[in-house]
Structures are given as C-alpha cells and as structure tokens.
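Only one structure is covered here, and it is reproduced in the block below.
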Amino acid sequence: MSNNIWVVIENAENDLTELSKEMMNKAKAIAKTLNKKLVAVVSGYNEEEICNKSIAYGADLVLNCNHKLLKDYTTLPYTKVFNEIIDKYNPYLVIFPASVNGRDLAGRLCAKKNLGLVAECSDLKLDGEDIKFIRPTFDGKLFSDIRVTTKPMFATIGHGAFSPAKYDNENKGEIIEEKVELTDADILTEILSKIPSQVKESELIFENAKIIVSGGMGLVKSKNWHLIEEFADALGASVGASKPICDLGICSSDFQVGVTGKNVSPDIYIAVGISGAIQHINGIKKSKLIIAINSDPNAPIFQIAHYGIVADLFDILPKLTEKINKEKNA
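Okay, here's the thing in structure tokens:
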C-alpha cells in the first residue's frame with residue numbers, strides 16, 4: 304500500500320463526481336508509467352457502491368474509510384482520519400479535488416504535516432520519475448512548472464483539466480476496509496441543514512454542452528454580440544466568451560472560458576474572433592473538435608484548431624447563421 308498514487312474520491316447521487324472521474328483517469332496513467340498502484344480513497348458511511356464504482360473507473364485498490372461520523376464532511380474528523388491513514392500507508396502522491404471540501408482538507412493536512420501543496424493544477428506531467436505540476440499564474444497569462452521536494456506530494460485538481468475515466472465493469476481491484484476510530488468528541492461542528500446549490504440551470508447546461516460558440520474581442524462592441532447569440536441559437540449551442548469580453552461586461556463571467564474561468568470539453572468548440580491567449584487555449588484543449596474563425600491568419604488559436612476559417616466574422620457569421628437556419632427549415 305505504500306508509495307502509491309492516491310485519489311481522494313467525492314461522490315454525488317451514488318456515483319463518483321465528474322471531477323473524481325477526471326482525476327482517476329490522469330492518476331491511472333501516472334501510476335501505470337511509474338509502476339505504482341492507483342488507490343481510490345473513499346470516505347463516508349455505507350459507501351460500498353462508490354467503492355465498487357471506483358474499481359470500475361480504474362482503481363487497483365480502494366481504501367474504504369467507513370464511519371457514521373464521516374457521513375457528512377466536517378473538517379476535524381476528516382483531517383484526523385486522513386492524517387492517520389497517510390502516516391500509516393505513506394503514499395507517493397495524493398490528489399484532491401479542488402472543491403470546497405477538497406481544498407479545505409488538503410490545506411489542513413499540508414499545514415499539519417508541514418508538506419508542500421500545489422493548488423489548482425491544470426496538468427501533471429512526468430519527467431522521468433519526477434512529477435511536474437503545471438498551474439496557471441499571473442491571471443492565466445503564464446503557467447508555472449512546479450516540482451515538489453516533500454513527500455508525500457499533495458495537489459488539487461480543478462474540473463475540466465482531464466478527460467474522465469471510462470467505466471469498465473470488468474476491471475478488477477481490492478477493497479480494503481480501514482478501521483476508523485472516531486467519537487462524538489471529535490465532532491465540533493454540527494450540520495443543521497443542507498441547502499441545495501443555487502447554481503443556475505444555464506451554468507450547468509453550459510458546462511455540459513455538446514457545442515459551445517465563444518466570442519472574443521474581434522466583436523469589439525456589445526452591439527455586435529447578437530451575432531454570436533444568433534449563430535449559437537441556430538446550432539443549438541451554448542454561448543461562451545473570452546476573458547476580455549467578460550471583463551467588459553458584454554457577457555457574464557459565468558460563461559468565461561479558460562483556466563481563469565471554466566475549462567470546457569464539448570464535442571465541438573467554435574472560437575469566433577478569439578486570438579487565443581494561453582489561458583483560453585488551455586481551457587479548451589480537451590474539446591473533441593475546435594473550429595476557429597478569425598481575420599488574422601497568425602492568431603495563436605489556429606495552432607490548436609482542427610479547422611480554421613480566415614475571414615471577417617462580420618461577413619461570414621451572418622451567412623453561416625442564415626444557411627444553418629435554411630437547412631433546419633428545409
């Protein structure tokens with residue numbers, strides 16, 4: 304069990320969260336290359352189904368920390384349990400979700416153990432047997448290449464950095480039932496009620512959209528934004544925007560695409576009038592198909608686009624919208 308790659312699992316509605324699946328996929332690749340085992344750490348109460356699904360998503364081992372006092376996340380008991388199992392098993396790398404609870408737990412553990420933590424990573428890369436932690440800095444304009452000298456290494460990963468692991472019911476793994484010792488004295492926080500998330504439905508649709516059309520500074524003025532909305536509507540797509548557009552208030556920051564906004568991975572991503580700042584490119588790189596429309600043939604966006612159209616968007620966009628609508632109504 305020692306010196307392996309750990310992923311801290313979160314669940315929602317009897318399944319791994321999408322972020323947990325993404326972390327599993329990346330961690331599995333790292334573990335395989337380094338000849339280590341992938342360990343999914345499941346905590347909560349009566350989470351047998353999550354343990355089995357963690358194996359289906361690629362875990363070699365599942366460490367099941369099962370206790371009624373872990374049913375809801377509260378800082379102190381979770382910190383105590385994770386502190387003990389990390390001391391016991393000495394993992395090589397522990398990957399936490401960059402969620403509210405994941406950030407809290409990772410930060411507490413690193414402070415308690417005087418270990419380094421690389422927060423909000425956008426990528427993990429191998430350099431021999433060393434791991435390079437890549438994260439955005441300077442508002443996404445640059446990316447830092449960070450090496451961690453303390454062990455175990457700790458990192459948090461944000462949504463959309465990696466593709467999710469595929470479910471395979473034929474995967475084989477072992478579930479280890481960890482003995483957890485907690486008493487009521489370990490609980491100093493009481494959860495009185497749970498209030499459903501107030502995330503707008505439009506945001507959920509955007510993050511899971513199959514097609515996204517994003518506009519950039521090529522549109523120049525807000526009075527031109529309707530061109531993006533009409534084109535997206537014709538395609539049945541969601542509308543996104545570059546950071547400068549959101550900074551100007553032309554589009555809500557809820558729909559800002561890029562590592563300083565939202566990482567997206569739709570089937571089709573269409574960038575209109577977006578030059579391709581590094582933080583934007585890294586936020587769309589998991590898209591299956593990228594189409595760029597820009598009047599500048601040297602725009603960086605064309606370096607990652609599968610298809611590029613060098614044209615005046617004010618000329619081509621209305622024509623595309625009109626043609627798509629005609630085809631739909633034919």
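The sequence shown: position 132 = 435 (the working numbering), numbered continuously. Where a beta carbon is used, it is the ideal one built from N, C-alpha and C, also for glycine.
Local conformation of residue i per DSSP, three classes
i, result
"D615", "coil"
"M327", "helix"
"F446", "strand"
"M456", "strand"
"K589", "coil"
"K565", "strand"
"L337", "coil"
"A315", "strand"
"F465", "coil"
"C354", "helix"
"P380", "helix"
"A574", "strand"
"V403", "helix"
"L551", "coil"
"N597", "strand"
"S556", "helix"
"Y392", "helix"
"N628", "helix"
"A273", "This structure gives no information on residue 273, because the portion of the chain shown stretches from 304 to 633."
"A332", "helix"
"N472", "coil"
"N386", "helix"
"I607", "coil"
Inter-residue CB distance, residue i and residue j (contact presumed, cutoff 8 Å)
i, j, result
"M299", "V342", "Examination of residue 299 is not possible in this model, given that the chain is present from 304 through 633 alone."
"V365", "I478", "5 Å"
"V562", "P439", "5 Å"
"I388", "E481", "6 Å"
"I398", "A458", "6 Å"
"V451", "G419", "5 Å"
"L322", "H462", "5 Å"
"I607", "I584", "6 Å"
Proximal residues to residue i (C-beta, below 7 Å), its chain only, five neighbours per side dropped
i, result
"P380", "L372, L373, L485, D489 and I490"
"H370", "Y348, V483 and L485"
"D318", "K356"
"A245", "Outside the modelled stretch of the chain, which goes from 304 to 633, sits residue 245, for which no answer is possible."
"F385", "L408 and L412"
"Y610", "I594"
Any chain B beta carbon closer than 8 Å to residue i
i, result
"D363", "No chain B appears in the structure shown, which is made up of a single protein chain."
Residues near residue i by beta carbon distance below 6 Å, same chain, minus five either side
i, result
"N314", "I353"
"I571", "I514 and L592"
"K435", "K428 and D448"
"A468", "K324, M327, N328, Y360 and G361"
Sequence-distant residues of its chain with Cβ nearer than 8 Å to residue i (five each side left out)
i, result
"N306", "K339, N393, P394 and Y395"
"A359", "Y470, D471, N472 and N474"
"F617", "N527 and L530"
"I508", "S541"
"N628", "A537"
"I494", "D375 and T377"
**Item:** Ordered list of beta strand (DSSP E) runs contained in the region 408–439, each at least 3 residues
**Value:** Taking only runs of at least 3 residues, the beta strand (DSSP E) segments lying wholly in the region 408–439 are 420–424 and 426–430.
**Asked** Is the region 398–410 touching the region 516–531 in the sense that three or more CB pairs, one from each, lie closer than 8 Å?
**Response** As far as the Cβ criterion goes, the region 516–531 does not touch the region 398–410, which means the pair count is below three.
**Asked** What residue ranges within the region 480–543 form continuous alpha helix (DSSP H) runs of no fewer than 4 residues, ordered along the chain?
**Response** Listed in chain order, the complete alpha helix (DSSP H) runs (minimum 4 residues) inside the region 480–543 are 504–510 and 529–538.
**Asked** At a cut of 8 Å, does the region 603–611 reach the region 621–630 through at least three beta carbon pairs?
**Response** When Cβ pairs closer than 8 Å are counted between the two stretches, the region 603–611 is seen not to touch the region 621–630, the count staying below three.
**Asked** Would the region 584–599 and the region 553–570 be scored as touching if the rule is three or more Cβ pairs under 8 Å?
**Response** Between the region 584–599 and the region 553–570, the count of C-beta pairs closer than 8 Å reaches three or more; the two stretches touch.
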